[in-house]
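Taking UniProt numbering, the leading residue of the sequence shown gets 1, the next gets one more, and so forth.
Beta carbons are placed, not taken as given, at the ideal position from N, Cα and C, and that holds for glycine.
To start, the structure itself, in structure tokens.
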Amino acid sequence: MTSMTMTWVAVAVVAVVMLAIASIVLRQRRQRLRRRFGPEYERTLSQRDTRGEAERELRTREKRFATLDIKPLSPQARQSYRARWTKLQAQFVDAPGSTVGEADQLVMAAMAERGYPAGDFQQQLSNLSVVHGRTLHHYRKARQISGRAARDQASTEDLRQAMVHYRVLFEELLDDGDLADSDTDQPQPAAAARDDHPALHGDLRES
Numbered sequence: 001m002t003s004m005t006m007t008w009v010a011v012a013v014v015a016v017v018m019l020a021i022a023s024i025v026l027r028q029r030r031q032r033l034r035r036r037f038g039p040e041y042e043r044t045l046s047q048r049d050t051r052g053e054a055e056r057e058l059r060t061r062e063k064r065f066a067t068l069d070i071k072p073l074s075p076q077a078r079q080s081y082r083a084r085w086t087k088l089q090a091q092f093v094d095a096p097g098s099t100v101g102e103a104d105q106l107v108m109a110a111m112a113e114r115g116y117p118a119g120d121f122q123q124q125l126s127n128l129s130v131v132h133g134r135t136l137h138h139y140r141k142a143r144q145i146s147g148r149a150a151r152d153q154a155s156t157e158d159l160r161q162a163m164v165h166y167r168v169l170f171e172e173l174l175d176d177g178d179l180a181d182s183d184t185d186q187p188q189p190a191a192a193a194r195d196d197h198p199a200l201h202g203d204l205r206e207s
């Protein structure tokens with residue numbers, strides 16, 4: 001085998017190895033994004049032309065999230081928020097529409113105190129998706145119902161569902177899961193998929 005042939009063989013081997021390494025790195029990066037964003041990964045993929053574009057969007061969200069000063073709530077603040085939620089549950093029977101509106105405000109107050117910046121709804125979703133990707137659909141559902149309620153187009157059952165949806169994200173915001181290592185799996189949805197107040201009993205149904 002001539003030296004020239006050996007050189008070309010070596011180049012080919014190096015190229016194959018580099019391609020294999022690149023493939024492994026890409027697969028690991030993709031798996032990490034899937035773990036972190038959960039259903040939001042597929043949702044973003046469905047809204048973009050290519051997988052690469054979707055994954056760049058998710059990495060951009062991660063970088064933006066890293067610049068935020070997200071902090072845990074103090075024990076006193078968590079206790080206060082839970083007391084306020086309990087009060088909302090108690091008033092739901094008499095005023096379901098206004099209670100859902102107050103629940104929305106309470107969730108946003110918890111977000112602000114945790115350090116999430118104020119912004120439009122889509123930007124809020126983008127920020128939340130980095131650590132709440134597995135439960136973010138609950139917040140979307142709640143806001144959709146809240147919007148219908150503002151137009152008097154939501155039934156009492158719809159409003160009850162909105163409260164249950166809000167509660168899932170609310171409980172996560174009161175926890176410290178946001179501060180977990182970005183490469184670890186997200187926590188499972190909060191145990192509040194079913195509320196503890198008699199007026200709100202019932203299985204959460206997806207629509």
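query, result
"Cβ contact (3+ pairs, closer than 8 Å) linking the region 144 to 161 and the region 92 to 100", "yes"
"Coil, strand or helix - Arg-114 by DSSP", "helix"
"Nearest-angstrom Cα separation, counted from Glu-113 out to Arg-34", "28 Å"
"Straight-line gap, Met-108 to Arg-143 (C-alpha atoms, nearest Å)", "11 Å"
"The alpha helix (DSSP H) enclosing Phe-92, as first and last residue numbers", "Segment: none, Phe-92 is in no alpha helix (DSSP H) and carries neither H nor E."
"Thr-156, enclosing alpha helix (DSSP H) - first and last residue", "156 to 174"
"Per-residue DSSP class, three states only, for Arg-143", "helix"
"With 16 other Cβ atoms within 10 Å as the buried cut-off, status of Lys-141", "buried"
"Extent of the continuous alpha helix (DSSP H) run through Thr-44", "39 to 47"
"Residue interval of the alpha helix (DSSP H) (run including Thr-60)", "51 to 66"
"Cβ pair Thr-67, Glu-57 closer than 9 Å", "no"
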